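Protein chains: 2
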Amino acid sequence: MSATKSRKVVLVGATGLVGSAIIQTLERFPIDPEPLVLMATKKSADRKVRFRGTEMRVEEFDPSAFDDAWVVFFSGKDGLSEKYCPIAAGKGAWVIDNSAVFRMADGVPLVVPEVNPHEIGPAPRLIANPNCSTVQLAVVLNPIRKNFGLKRVIVSTYQSASGAGSEYLAQLNRDTAESLEKGFGGLDASSLAFNCLPDVGSQDIDGKFSEEVKLENELRKILGMPDLPVCATAVRVPTQVGHGESVVIETEKPADPDEVRSLLGESDGIAVEDEFEAREFPTPRKATGMDDVYVGRIRRAGIFENDLAFWVVADNLLKGAALNAVQIALYIREREKAALVHE
Amino acid sequence: MSATKSRKVVLVGATGLVGSAIIQTLERFPIDPEPLVLMATKKSADRKVRFRGTEMRVEEFDPSAFDDAWVVFFSGKDGLSEKYCPIAAGKGAWVIDNSAVFRMADGVPLVVPEVNPHEIGPAPRLIANPNCSTVQLAVVLNPIRKNFGLKRVIVSTYQSASGAGSEYLAQLNRDTAESLEKGFGGLDASSLAFNCLPDVGSQDIDGKFSEEVKLENELRKILGMPDLPVCATAVRVPTQVGHGESVVIETEKPADPDEVRSLLGESDGIAVEDEFEAREFPTPRKATGMDDVYVGRIRRAGIFENDLAFWVVADNLLKGAALNAVQIALYIREREKAALVHE
Numbered sequence: 001m002s003a004t005k006s007r008k009v010v011l012v013g014a015t016g017l018v019g020s021a022i023i024q025t026l027e028r029f030p031i032d033p034e035p036l037v038l039m040a041t042k043k044s045a046d047r048k049v050r051f052r053g054t055e056m057r058v059e060e061f062d063p064s065a066f067d068d069a070w071v072v073f074f075s076g077k078d079g080l081s082e083k084y085c086p087i088a089a090g091k092g093a094w095v096i097d098n099s100a101v102f103r104m105a106d107g108v109p110l111v112v113p114e115v116n117p118h119e120i121g122p123a124p125r126l127i128a129n130p131n132c133s134t135v136q137l138a139v140v141l142n143p144i145r146k147n148f149g150l151k152r153v154i155v156s157t158y159q160s161a162s163g164a165g166s167e168y169l170a171q172l173n174r175d176t177a178e179s180l181e182k183g184f185g186g187l188d189a190s191s192l193a194f195n196c197l198p199d200v201g202s203q204d205i206d207g208k209f210s211e212e213v214k215l216e217n218e219l220r221k222i223l224g225m226p227d228l229p230v231c232a233t234a235v236r237v238p239t240q241v242g243h244g245e246s247v248v249i250e251t252e253k254p255a256d257p258d259e260v261r262s263l264l265g266e267s268d269g270i271a272v273e274d275e276f277e278a279r280e281f282p283t284p285r286k287a288t289g290m291d292d293v294y295v296g297r298i299r300r301a302g303i304f305e306n307d308l309a310f311w312v313v314a315d316n317l318l319k320g321a322a323l324n325a326v327q328i329a330l331y332i333r334e335r336e337k338a339a340l341v342h343e
Numbered sequence: 344m345s346a347t348k349s350r351k352v353v354l355v356g357a358t359g360l361v362g363s364a365i366i367q368t369l370e371r372f373p374i375d376p377e378p379l380v381l382m383a384t385k386k387s388a389d390r391k392v393r394f395r396g397t398e399m400r401v402e403e404f405d406p407s408a409f410d411d412a413w414v415v416f417f418s419g420k421d422g423l424s425e426k427y428c429p430i431a432a433g434k435g436a437w438v439i440d441n442s443a444v445f446r447m448a449d450g451v452p453l454v455v456p457e458v459n460p461h462e463i464g465p466a467p468r469l470i471a472n473p474n475c476s477t478v479q480l481a482v483v484l485n486p487i488r489k490n491f492g493l494k495r496v497i498v499s500t501y502q503s504a505s506g507a508g509s510e511y512l513a514q515l516n517r518d519t520a521e522s523l524e525k526g527f528g529g530l531d532a533s534s535l536a537f538n539c540l541p542d543v544g545s546q547d548i549d550g551k552f553s554e555e556v557k558l559e560n561e562l563r564k565i566l567g568m569p570d571l572p573v574c575a576t577a578v579r580v581p582t583q584v585g586h587g588e589s590v591v592i593e594t595e596k597p598a599d600p601d602e603v604r605s606l607l608g609e610s611d612g613i614a615v616e617d618e619f620e621a622r623e624f625p626t627p628r629k630a631t632g633m634d635d636v637y638v639g640r641i642r643r644a645g646i647f648e649n650d651l652a653f654w655v656v657a658d659n660l661l662k663g664a665a666l667n668a669v670q671i672a673l674y675i676r677e678r679e680k681a682a683l684v685h686e
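In order, the protein sequences belong to chains A and B.
Taking the numbering used here, the leading residue of the first sequence gets 1, the next gets one more, and so forth.
Taking the numbering used here, the leading residue of the second sequence gets 344, the next gets one more, and so forth.
What follows is the structure, given as structure tokens:
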């Protein structure tokens, strides 16, 4: 590996919610003074985006940009990832893919940097960024797994509109304004405005929706526990940003809530906010724009001999997507720097 | 018991959300052509309310109205119930109390008419109406308990603003309008607008909030299973009316989802809405103004040998409060009529 190797970063899907969040995250966590190439579909190309004080033009998607790329972030449609992630990786770029296409593929690392960065090897260069609901839960469960063992996970999600993209978020805002104006009955029953929708993603197997299957399977893969019993129920709620999760777990060993608070408070990427008397707990509103995964309401569940219940919230566009992807790139960069020192 | 006995119905707390819902429910389900007396605190007295086509005046609270009452509904403050429920019952009225004060008291029946109406004896005349989140869960769990046995219950709630009263609901609407106008950052972090708040009720024991303790304890009492392991997490979400619940249960016997759908579809007070392909499931928006408890997303949870996961929604002001209270009065009336026949 040479010190003069390209540090070019390519972002595919630069105009979506996650793409925009990746740009903002790269501003805050500069990997290197790399050139950045922003790409989007024809419809969104030519838009102007501010990055580190200069105005950048979004280019129309063109795979020749992968030729001398160091990292390519994919945050576009699944079909684009499916076709072009292997091509970009084949050209020697590190590919960090936010789609669901490769997450469960054998040999593709599915990485949360606080949990399993060591799974990034010299190859393959294609790395999958997990589903938003999964990242925040994996960050919290990993230290618990290490210290107390993990036997069973039951999670119900409270997912924000932004998880379904910018158009869905805009629709929530429009519908909410309309509902306030016309009264409750004026809206279609399928609107998210002042509503909860218990069907997130597409229909999958055994009466489950894809968001639930992703959460269950990706959690098992990230934690390295292929047989962990997990039951996820995914519900969309009328929030804009920030996914909440109500979690009950059975542990192998007794886990005292105070001990768990200390443990999690010292763990990377986690902020414990658990002030019972002052009623200060994580909420989507407080987590919006924040990097940490917030956890609170840590208590005994009272239904297994050893158990815990808690409440987790994170910004689904940051730790749930953009920040986690950039952290993967930062990890790779640090490892490359260390390798240079030892050459 | 004499046929000429008074049928006077008194409603304490007539101007609150639950009080208003009781008036509307009495219009739809006439107990008898009874005289109705509406009472409220001094602040709300003198308001005019329409009942069966005539305008009624809300009177200032006066316990002498209990003297010749047949049924007294209490839907005011806890303190009022605590003091006056026993007085009204002592005067011979059937008292149906919507407060939490007497629900867990020994000897006070806590009644969901679909589940345990037989617990209403000739005495005491004080009957507690359960917490809104509890009623809808008890209605669904009772047929499951009878047919498959019940070993463990894990529930996470998605509770609407109306559960915290009319002022809280109005505040949600104002805050939501303000948030849409000013943008996300313009509001206090504790606002429910586009937010989820995981602290419903007052602080109780073992890191739990009172709504959670109510759900756990009242469920055990209604189902007659004092040792049932139940873990409840109560979360307020930005909906106006209708409480959602994500439920996972362990059963004694294998419970096939299709069999459970048939069973629940034939059970009183339950509407199964579970169209996986068409994505038709219960939502707060659809349940608003409806009498039934809606259940869907019935599937195997996949974490116990015998288990189920499902999603329950009901109108918290109707089956969760007013309708359940009126159904208790209707049950008592039917029993009195039957007794007259046999006299």
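Yeah, the Cβ is synthetic: ideal placement off N, Cα and C, and Gly gets one too.
Predicted model, so just to flag it, every value in this text is computed and none were measured.
Original post:
Sorted by chain position, which residues of the same chain lie with C-beta nearer than 7 Å to A:L187's C-beta, five sequence neighbours on each side aside?
Top reply: D175, E178, S179, A193
**OP:** Pull out every residue of the stretch 195 to 209 of chain A whose Cβ sits closer than 7 Å to any Cβ of chain B, in chain order.
**Re:** N195, C196, L197, P198, D199, Q203, D206, G207, K208
Original post:
Helix, strand or coil for A:F148 per DSSP?
Top reply: helix
Original post:
Does the Cβ-Cβ distance between B:Y501 and B:G587 come in under 8 Å?
Top reply: yes
Original post:
What's the C-alpha gap between B:S345 and B:L607?
Top reply: With a pLDDT of only 42 at B:S345, under the threshold of 50, the placement of this residue in the model should not be trusted; the figure read from the coordinates follows. Whole-angstrom Cα-Cα distance: 39 Å.
Subject >> Beta-carbon proximity of B:V451 to B:A471, cut-off 8 Å >> reply: yes
**OP:** Report the neighbours of B:G645 on chain A: residues whose CB is nearer than 7 Å to its CB, in chain order.
**Re:** P229, C231
Original post:
Per DSSP, B:D650 is paired with what?
Top reply: B:E593
Original post:
Who are the near neighbours of A:A322 in its chain, counting only those whose CB is closer than 7 Å to its CB and skipping five residues on each side?
Top reply: V18, A21, I22, T25
Original post:
Between the stretch 466 to 480 of chain B and the stretch 394 to 410 of chain B, are three or more C-beta pairs nearer than 8 Å?
Top reply: no
**OP:** List the residues of chain A whose Cβ lies closer than 8 Å to the Cβ of B:Q583, in chain order.
**Re:** F184, F194
**OP:** With a threshold of 7 Å, establish whether the CB of B:A621 neighbours any heavy atom of the ligand SAM.
**Re:** In the structure shown, the ligand SAM is absent, as is every other ligand, since no ligand is present at all.
Original post:
What are the boundary residues of the alpha helix (DSSP H) that A:I345 is part of?
Top reply: Because chain A here runs from 1 to 343, residue 345 of chain A falls outside it and cannot be looked at.
Subject >> Length at least 3, wholly inside the stretch 8 to 95 of chain A: the beta strand (DSSP E) runs in chain order >> reply: 8 to 12, 36 to 40, 48 to 51, 54 to 57, 69 to 74
Subject >> Range covered by the alpha helix (DSSP H) that runs through B:T582 >> reply: Segment: none, B:T582 is in no alpha helix (DSSP H) and carries neither H nor E.
**OP:** Would you please state the rounded distance, in angstroms, between the beta carbons of B:L651 and B:I565? I believe it to be under 8 Å.
**Re:** Incorrect: roughly 19 Å between the Cβ atoms, too far for contact.
Subject >> Contact list for B:A532 against chain E, beta-carbon separation under 9 Å >> reply: The displayed structure is made up of protein chains A and B, and chain E is not among them.
Subject >> 7 Å Cβ shell around A:F347 - same chain, five flanking residues per side excluded >> reply: In the structure displayed, chain A extends from 1 to 343; residue 347 of chain A sits before or after that span and is not available.
Original post:
From this set, A:G79, A:N98, A:P113, A:M225, which residue's C-alpha is nearest A:K430's C-alpha?
Top reply: Given a span of 1 to 343 for chain A in the structure shown, any question on residue 430 of chain A remains unanswerable.
Subject >> Residues that A:E277 contacts on chain B, provided the C-beta gap is smaller than 9 Å >> reply: Q546
**OP:** Mind checking which residues open and close the beta strand (DSSP E) that includes A:I127?
**Re:** 126 to 128
Original post:
From what residue to what residue does the beta strand (DSSP E) around B:R628 run?
Top reply: Unbroken run through B:R628 is the alpha helix (DSSP H), 627 to 630; no beta strand (DSSP E).
Original post:
In whole angstroms, what separates the C-alpha of B:P373 from that of B:A644?
Top reply: 42 Å
**OP:** Using only alpha-carbon positions, find the residue among A:C196, A:K91, A:A138, A:V293 that is nearest to A:D274.
**Re:** A:V293
Subject >> Cβ shell of B:V496 (< 6 Å), same chain only, five flanking positions each side left out >> reply: V573, I592
**OP:** Please work out which residues of its chain come closer than 6 Å, Cβ to Cβ, to B:L540, disregarding the five sequence neighbours upstream and downstream, and give them in chain order.
**Re:** R579
**OP:** Pull up the distance between the alpha-carbon of B:D440 and that of B:V543, whole angstroms please.
**Re:** 21 Å
**OP:** Whole angstroms is fine: what's the gap from A:T4's alpha carbon to A:H342's?
**Re:** With a pLDDT of 49 at A:T4, under the threshold of 50, the modelled position of this residue cannot be trusted; read the value that follows with caution. One C-alpha to the other measures close to 16 Å.
**OP:** Identify each residue in the stretch 247 to 258 of chain A for which the Cβ-Cβ distance to at least one residue of chain B is less than 8 Å, and report them in chain order.
**Re:** V248, P257
**OP:** Measure the beta-carbon distance from A:V247 to A:V155 and round it to whole angstroms, keeping in mind my assumption that it falls under 8 Å.
**Re:** 5 Å
**OP:** Helix, strand or coil for A:V155, going by three-state DSSP, please let me know.
**Re:** strand
**OP:** Determine the direct distance from the alpha carbon of B:E559 to that of A:V112, and round the result to whole angstroms.
**Re:** 36 Å
Subject >> Alpha-carbon to alpha-carbon, B:P473 and B:L673 >> reply: 17 Å
Original post:
Sorted by chain position, which residues of the same chain lie with C-beta nearer than 6 Å to B:S545's C-beta, five sequence neighbours on each side aside?
Top reply: S553
Original post:
With 16 other CB atoms within 10 Å as the buried threshold, where does B:R642 fall?
Top reply: buried
Original post:
Is DSSP giving B:K348 helix, strand or coil here?
Top reply: coil
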